[in-house]
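Peer 1: In terms of this note's numbering, the sequence shown opens at residue 92 and continues consecutively. Every residue, glycine too, gets a C-beta built ideally from N, C-alpha and C. Please read all numbers here as calculations on a predicted model, not as lab measurements. Can you keep this structure in mind? I'll have questions shortly.
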Amino acid sequence: MDTGIWTVKEAKAKFSEVVDKARTEGPQTVTRNGRCAVVIVSAEEWSRKTRRIGNLAEFFAESPLRESGLTVSRPQEGSRKIDL
């Protein structure tokens, strides 16, 4: 078995070890039928990876395109008709 790669059968039999290794050594890959099925990561890493920094308005305000001079024009004829 390669370090950090487990079959489903091995991961089931040694689940506590898989969890411990995910916390101390990093992500642990579980394979099914020779293909990557899931990756087990520590709660700390998951929180770090999924944490949002700022909001959408801040994202656009910090965009490098803000100072690019890009202009976007929209048609002034109003809404378009849709056939139902």
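Which of the three DSSP states is assigned to arginine 123 in this structure?
Peer 2: Your numbering for residue 123 matches position 32 in the sequence shown. DSSP places arginine 123 in strand when its eight states are reduced to three.
Peer 1: Since alanine 113 contacts threonine 122 with CB under 8 Å, what's their CB separation in whole angstroms?
Peer 2: For the purposes of this step, residue 113 is identified with residue 22 of the sequence shown, where counting begins at 1. For the purposes of this step, residue 122 is identified with residue 31 of the sequence shown, where counting begins at 1. Rounded, the Cβ-Cβ distance is 15 Å, inconsistent with contact.
Peer 1: If you drop the 5 nearest sequence neighbours on each side, which residues of the same chain put their C-beta closer than 6 Å to that of methionine 92?
Peer 2: Here the question's residue 92 lines up with position 1 in the sequence shown. Because methionine 92 carries a pLDDT of 45, less than 50, the predicted location of this residue cannot be relied on, and no value is offered for it.
Peer 1: Mind checking which residues open and close the beta strand (DSSP E) that includes threonine 98?
Peer 2: Position 7 of the sequence shown holds residue 98. Looking at the DSSP string, the run of the beta strand (DSSP E) that includes threonine 98 is 96-98.
Peer 1: Does valine 109 pass the burial test, meaning 16 or more other C-beta atoms within 10 Å, or should it be called exposed?
Peer 2: If you number the sequence shown from 1, residue 109 lands on position 18. Buried, since its Cβ has 16 or more Cβ neighbours within 10 Å.
Peer 1: What does isoleucine 173 pair with, by DSSP beta-bridge criteria?
Peer 2: Residue numbering aside, residue 173 sits at position 82 when the sequence shown is read from its first letter. According to DSSP, isoleucine 173 bridges with nothing at all.
Peer 1: Among all the DSSP beta bridges, which residues are the ones paired with valine 130?
Peer 2: Locating residue 130 in the sequence shown gives position 39, where the first residue counts as 1. Looking at the DSSP assignment, valine 130 forms a beta bridge with Thr120.
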